[in-house]
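J.: So that we are looking at the same thing, I have put the structure below in structure tokens.
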Amino acid sequence: MKAFICVIGLMLQVEIALAATADATVSNIFLVTLDGLRWQEVFRGLDQSLATNGDYAERSETIIALYGGPNAEDSAEALMPFLHNTVFREGTMVGNRDRNSCARVSNSWYFSYPGYNEILTGVVDESIDSNAKIPNANKTFLELLNDTEDYRDRVAAFGSWDVFPYIFNVQRSGLHLNAAQNADPAENAFEVFLNRLQDDIPSPWGNVRLDAFTHHYALSHIRNHHPRIVYIGYGETDDFAHDGQYDQYVMAANRNDRFIEELWELIEGDDFYKGNTVLFVTVDHGRGEEPEETWRHHASKQSVSRSMQSLARYEEGIVGSDAVWMAAIGPGVPVSGLVGTGDGCLTSNRIAATLLKLLGEDYRVFDPGMGAPMPEFLQ
Ligand SMILES: [Zn+2]
Numbered sequence: 536m537k538a539f540i541c542v543i544g545l546m547l548q549v550e551i552a553l554a555a556t557a558d559a560t561v562s563n564i565f566l567v568t569l570d571g572l573r574w575q576e577v578f579r580g581l582d583q584s585l586a587t588n589g590d591y592a593e594r595s596e597t598i599i600a601l602y603g604g605p606n607a608e609d610s611a612e613a614l615m616p617f618l619h620n621t622v623f624r625e626g627t628m629v630g631n632r633d634r635n636s637c638a639r640v641s642n643s644w645y646f647s648y649p650g651y652n653e654i655l656t657g658v659v660d661e662s663i664d665s666n667a668k669i670p671n672a673n674k675t676f677l678e679l680l681n682d683t684e685d686y687r688d689r690v691a692a693f694g695s696w697d698v699f700p701y702i703f704n705v706q707r708s709g710l711h712l713n714a715a716q717n718a719d720p721a722e723n724a725f726e727v728f729l730n731r732l733q734d735d736i737p738s739p740w741g742n743v744r745l746d747a748f749t750h751h752y753a754l755s756h757i758r759n760h761h762p763r764i765v766y767i768g769y770g771e772t773d774d775f776a777h778d779g780q781y782d783q784y785v786m787a788a789n790r791n792d793r794f795i796e797e798l799w800e801l802i803e804g805d806d807f808y809k810g811n812t813v814l815f816v817t818v819d820h821g822r823g824e825e826p827e828e829t830w831r832h833h834a835s836k837q838s839v840s841r842s843m844q845s846l847a848r849y850e851e852g853i854v855g856s857d858a859v860w861m862a863a864i865g866p867g868v869p870v871s872g873l874v875g876t877g878d879g880c881l882t883s884n885r886i887a888a889t890l891l892k893l894l895g896e897d898y899r900v901f902d903p904g905m906g907a908p909m910p911e912f913l914q
């Protein structure tokens with residue numbers, strides 16, 4: 536009898552130990568990108584010179600009233616309140632170059648397809664030298680996970696840009712992706728209505744839709760299907776910047792911040808995601824700062840000397856457009872706040888391996904060519 540009780544006790548102990556291990560494991564990942572949103576706005580808030588320049592900001596008074604502030608910190612917090620008050624306080628971030636915290640892309644182009652390829656596959660492929668709709672030869676970490684039994688059909692991606700189907704190579708990967716397209720088939724009355732609105736509301740751009748559509752298709756699918764791996768690529772910030780509309784650029788950044796907050800509220804309010812889901816936010820490239828008008832652009836020296844002839848007058852490329860930022864919150868992510876990087880920089884090609892590591896997976900099993908996990912984002 537005594538021996539029997541001992542065995543039961545031992546079994547209970549083992550079960551408790553297993554439960555503790557399971558609790559510490561991250562089960563789900565939400566990766567969000569904001570296209571080309573500069574670290575300058577994220578950490579300094581409004582650029583006063585651009586915000587008061589009538590050529591760039593028709594609604595100058597509006598954005599100064601909403602997002603201005605007595606100093607950079609206050610302005611940044613007004614512009615992106617969820618990032619500052621929740622993600623930065625309860626998680627980890629990198630990329631505030633005013634405080635010796637550096638993050639950059641490691642591709643040599645500083646524009647979108649190479650940037651997204653680097654983030655999503657963890658490898659730098661120098662042959663990706665344009666934003667052309669060419670199916671990606673490399674596999675994103677979403678595809679690699681979707682190819683395993685544990686994650687099959689538990690992966691979903693959403694984007695505003697119509698090149699994402701090629702970046703994710705949907706034809707090969709078979710991933711669930713809604714990028715600049717209707718939900719097909721619409722799975723509920725809300726998606727029928729979204730499809731109708733998307734047909735009836737013109738996008739300002741030919742190949743990028745408004746982020747509200749991306750966001751609400753994503754929310755609908757997440758609630759219905761509970762994917763374990765979610766990617767959302769918002770796009771307005773980059774397009775408004777290219778158009779030279781600084782007011783619209785910062786208002787888009789503010790909306791994106793609210794969208795991210797809604798994603799976190801969904802995570803926190805859903806038993807499936809609560810307490811076991813990491814939210815990671817980053818950008819595919821930066822933008823220029825000096826001379827001032829280069830805030831509209833992004834390109835490396837190599838890009839302007841080759842394909843981007845319209846920017847050839849900037850012989851050194853758009854200086855600073857390799858600069859990015861990253862932030863994460865959730866179990867397994869330390870509460871470090873801003874991470875100092877000394878003389879070095881964290882790089883975007885390490886994001887995929889970091890997310891795999893959070894899930895308890897070894898990136899080398901999937902692709903040893905990936906950048907290594909970033910210990911700064913791991914407890
Ligand atoms: Zn971009």
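Here the working numbering is used: the first residue of the sequence shown is 536, the next is one more, and so on. Even glycine gets a Cβ: it sits at the ideal position worked out from N, Cα and C. In this text, all values refer to a predicted model and were calculated from it rather than measured experimentally.
Considering only residues of the same chain and omitting the five flanking positions on each side of A557, which have a CB-CB separation below 7 Å?
T.: Unreliable positioning characterises A557 in this predicted model, as indicated by a pLDDT of 39, which lies under 50. A coordinate reading is not provided.
J.: Just the C-alpha distance for A592 and Q575, rounded to the nearest angstrom, thanks.
T.: Taking the straight line from one Cα to the other gives about 17 Å.
J.: How many Å lie between I795 and I802 at the Cα?
T.: Roughly 11 Å between the two C-alpha positions.
J.: Considering only DSSP beta bridges, list what V816 is partnered with.
T.: For V816, which the question treats as bridged, DSSP gives the partners V567 and A862.
J.: Could you check what DSSP says for M843 in three-state terms: helix, strand or coil?
T.: Correct three-state label for M843: coil.
J.: With a cut-off of 8 Å on the beta carbons, I'd call T876 and S636 a contact; round off their distance for me.
T.: Right, the Cβ-Cβ distance comes to about 6 Å (below 8 Å), so this counts as a contact.
J.: Note down the Cα distance separating A611 from N717, rounded to an integer number of angstroms.
T.: When rounded, the distance between both Cα atoms is 34 Å.
J.: Beta strand (DSSP E) containing N789: first to last residue?
T.: Not the beta strand (DSSP E): N789 falls in the alpha helix (DSSP H), residues Y781 to E803.
J.: Rounding to the nearest angstrom, what Cα-Cα distance links Y752 and L729 in this structure?
T.: Each residue's Cα considered, the two are about 8 Å apart.
J.: Regarding F699 and ligand 1, is the C-beta to nearest heavy atom distance less than 8 Å?
T.: Outside the cutoff, so no.
J.: Take the Cβ of V549 as the centre, count every other Cβ of all protein chains shown within 10 Å, and call the residue buried at 16 or more, exposed below.
T.: Note on V549: pLDDT 48, under 50, position unreliable in the model; the coordinate value appears next. The residue is exposed, with fewer than 16 neighbouring Cβ atoms inside 10 Å.
J.: Is any heavy atom of ligand 1 found at a distance shorter than 8 Å from the C-beta of G571?
T.: Under cutoff, so the answer is yes.
J.: Closer than 8 Å: is that where the CB of F703 sits relative to any heavy atom of ligand 1?
T.: Because no heavy atom of ligand 1 lies under 8 Å away, the Cβ of F703 does not count as near it: no.
J.: Do G589 and G604 count as a contact pair if the criterion is CB distance below 9 Å?
T.: The answer is no: Cβ separation not under 9 Å.
J.: Does ligand 1 have a heavy atom nearer than 8 Å to the CB of H832?
T.: Not under cutoff, so the answer is no.
J.: Using 8 Å for Cβ pairs, my map puts S562 next to R831. What's the rounded Cβ distance?
T.: With a Cβ gap of about 41 Å, S562 and R831 do not count as contacting.
J.: Using 8 Å as the threshold, is the stretch 858–870 in touch with the stretch 808–824, meaning 3 or more CB pairs across them?
T.: Flag = yes, the stretch 858–870 and the stretch 808–824 touch.
J.: Alpha carbon to alpha carbon, how far is S871 from V727? Give it in angstroms, no decimals.
T.: Distance between the alpha carbons of V727 and S871: 43 Å.
J.: Starting from H760 and walking both ways along the beta strand (DSSP E), at which residues does that stretch end?
T.: Careful: H760 lies outside any beta strand (DSSP E), inside the alpha helix (DSSP H) at D746 to H760.
J.: Compare the Cα-Cα distances from D792 to each of H760, G571, L614 and R848 and report the closest residue.
T.: Of H760, G571, L614 and R848, the residue nearest in Cα terms is L614.
J.: Using DSSP's beta-bridge definition, name the partner residues of N882.
T.: It is Thr, not Asn, that sits at residue 882 in the sequence shown. According to DSSP, which records beta bridges pairwise, T882 is partnered with R639.
J.: Would the beta-carbon of S610 be found less than 8 Å away from any heavy atom of ligand 1?
T.: No, ligand 1 has no heavy atom inside 8 Å of this Cβ.
J.: With H, G and I counted as helix, E and B as strand and the rest as coil, what does DSSP make of V577?
T.: Residue state, collapsed to three classes: helix.
J.: Nearest to A691 by CA position, among D697, E684 and L680, is which residue?
T.: Of D697, E684 and L680, the residue nearest in Cα terms is L680.
J.: Going by other Cβ atoms of all chains shown within 10 Å of its Cβ, with 16 needed for buried, is I736 buried or exposed?
T.: Classification for I736: exposed.
J.: For the candidate residues R790, Q583, G741 and P670, whose alpha-carbon lies nearest to that of L618?
T.: With distances taken between Cα atoms, L618 lies closest to R790.
J.: CB of F676 to nearest heavy atom of ligand 2: below 8 Å?
T.: Ligands displayed in this structure: ligand 1; ligand 2 is not among them.
J.: So, helix, strand or coil for F693, using DSSP?
T.: Reduced to three states, the DSSP call for F693 is strand.
J.: Using the rule of at least 16 other Cβ atoms within 10 Å of the residue's Cβ for burial, across every protein chain shown, is K892 buried or exposed?
T.: It counts as buried.
J.: Buried or exposed, going by whether 16 or more other CB atoms sit within 10 Å of the CB of K668?
T.: Classification of K668: exposed, given that the 10 Å Cβ count is below 16.
J.: Answer yes or no: do V818 and D570 have a C-beta to C-beta separation smaller than 9 Å?
T.: Yes.
J.: Would you check if there are 3 or more beta carbon pairs closer than 8 Å linking the stretch 640–648 to the stretch 881–890?
T.: The stretch 640–648, when compared against the stretch 881–890, does touch it at the 8 Å Cβ threshold.
J.: For the alpha helix (DSSP H) that V727 lies in, which residues bound it at each end?
T.: Where V727 is concerned, the enclosing alpha helix (DSSP H) stretches over A724 to D735.
J.: Using a Cβ-Cβ distance cut-off of 9 Å, determine whether L801 contacts chain D.
T.: The structure shown contains no chain D, having only a single protein chain.
J.: Name the residue from G709, F703 and W696 whose alpha carbon lies nearest to the alpha carbon of P739.
T.: The residue with the shortest Cα to Cα distance from P739 is W696.
J.: Just to confirm, is the Cβ distance from T560 to I767 under 9 Å?
T.: Not closer than 9 Å, so no.
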